[in-house]
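Structure first, then comments.
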Amino acid sequence: MTNFYQIISHETEVMNSLHQDVHMTFLNRANDYESWSKACEKFHSYVSPIDSFIDQIYESPILDNQETLEFVLVFLEIDPIFFRSGYIKEDMIQKLKKTKLNADQLTRIHSILIDAVENRGQREFKRYCRLAKAVSSGAIIETLNCVFQQGKGARKSRAKLMLRYICLSQVVKHHD
Numbered sequence: 125m126t127n128f129y130q131i132i133s134h135e136t137e138v139m140n141s142l143h144q145d146v147h148m149t150f151l152n153r154a155n156d157y158e159s160w161s162k163a164c165e166k167f168h169s170y171v172s173p174i175d176s177f178i179d180q181i182y183e184s185p186i187l188d189n190q191e192t193l194e195f196v197l198v199f200l201e202i203d204p205i206f207f208r209s210g211y212i213k214e215d216m217i218q219k220l221k222k223t224k225l226n227a228d229q230l231t232r233i234h235s236i237l238i239d240a241v242e243n244r245g246q247r248e249f250k251r252y253c254r255l256a257k258a259v260s261s262g263a264i265i266e267t268l269n270c271v272f273q274q275g276k277g278a279r280k281s282r283a284k285l286m287l288r289y290i291c292l293s294q295v296v297k298h299h300d
């Protein structure tokens, strides 16, 4: 099977380097327009090996291909940050809610969700909360309660928010 950890990590470095070149040449654009223009062209024309997987995610209503599902899980585990990666993660998380998952995949998602509470405050966090609502278990609720009770600042706030999403869904389920 493809080593997605290596590919995603490498491509994150490449894309961030290309994006950084655009910003660095922009600072001297008035004196060297050609360098800035070339950096922009290089950035916008770059075709990444992960693009085909990202295209599959956007084009498919659910993640029914196991290789694509593995790519998504690794992508979310690594949590790469590059230009537009937040939008990509949002779509991945949305698709995971509709995907039939095995026990190992659910365990990995639970780890991703806890890591999101512990370390991630980006734009896609509310999508993680919605995913938690769809895949919650007693173990994840217990872990989130511990983070909420013992955490401080942003960690505590994120744990509280995720718990609210989960608990609200359980209240709605009990009323049905």
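Sequential numbering of the sequence shown, starting at 125, is according to the numbering used here. Heads up, the beta-carbon is just placed ideally off N, CA and C, and yes, glycines get one too.
Residues near residue i in its chain [Cβ-Cβ closer than 8 angstroms; skip 5 each side]
i: serine 235; result: Glu201
i: valine 295; result: Interpretation of valine 295 is limited by its pLDDT of 46, a score under 50 that renders its predicted location unreliable; no figure is taken from the coordinates.
Boundaries of the alpha helix (DSSP H) in which residue i is found, first to last residue
i: serine 90; result: With the chain covering 125 to 300 only, the question about residue 90 has no answer from this structure.
i: serine 141; result: 128-150
i: glutamate 266; result: 262-274
i: aspartate 179; result: 175-183
i: arginine 247; result: Premise fails: arginine 247 is in no alpha helix (DSSP H) and is neither H nor E.
i: isoleucine 202; result: 190-202
For residue j and residue i, the rounded distance between their alpha carbons
i: glutamate 242; j: valine 271; result: 8 angstroms
i: valine 196; j: arginine 254; result: 17 angstroms
i: histidine 147; j: tryptophan 160; result: 8 angstroms
i: aspartate 203; j: phenylalanine 128; result: 12 angstroms
i: aspartate 300; j: glutamate 248; result: Residue placement at aspartate 300 is flagged as unreliable, the pLDDT there being 40, under the threshold of 50; a coordinate-derived value is accordingly withheld.
i: leucine 237; j: glutamate 266; result: 13 angstroms
i: leucine 230; j: glutamine 274; result: 25 angstroms
i: alanine 256; j: lysine 166; result: 39 angstroms
i: glycine 245; j: isoleucine 205; result: 12 angstroms
Residue from the options whose Cα sits closest to the Cα of residue i
i: serine 184; options: Ser141, Met216, Ala283; result: Met216
i: proline 173; options: Leu237, Ser261, Leu285, Thr126; result: Thr126
i: leucine 142; options: His168, Ile132, Leu151; result: His168
i: glutamate 194; options: Ala240, Phe177, Ser260; result: Phe177
i: serine 133; options: Ala283, Ile238, Val198, Phe150; result: Val198
i: methionine 139; options: Cys164, Lys222, Ile238, Asp179; result: Cys164
i: asparagine 226; options: Gln274, Gln190, Ile265, Gln144; result: Gln190
i: alanine 263; options: Ile186, Lys250, Ile233; result: Ile233
i: glutamate 137; options: Leu151, Asn269, Phe207, Lys280; result: Phe207
Beta-carbon proximity list for residue i, same chain, < 7 angstroms, skipping 5 on both sides
i: glutamate 135; result: Ser172, Pro173, Ile174
i: arginine 279; result: Val241, Glu242, Val271
Cβ neighbours of residue i in the same chain (closer than 6 angstroms, five flanking residues each side left out)
i: isoleucine 186; result: Lys222, Thr223
i: lysine 297; result: With a pLDDT of 48 at lysine 297, under the threshold of 50, the modelled position of that residue is not reliable, and the figure given next carries that caveat. Counting only Cβ-Cβ distances below 6 angstroms, and skipping sequence neighbours, we find nothing.
Going residue by residue through the stretch 210-244, where are the continuous alpha helix (DSSP H) segments of at least 4 residues, counting only ones entirely within it?
227-243
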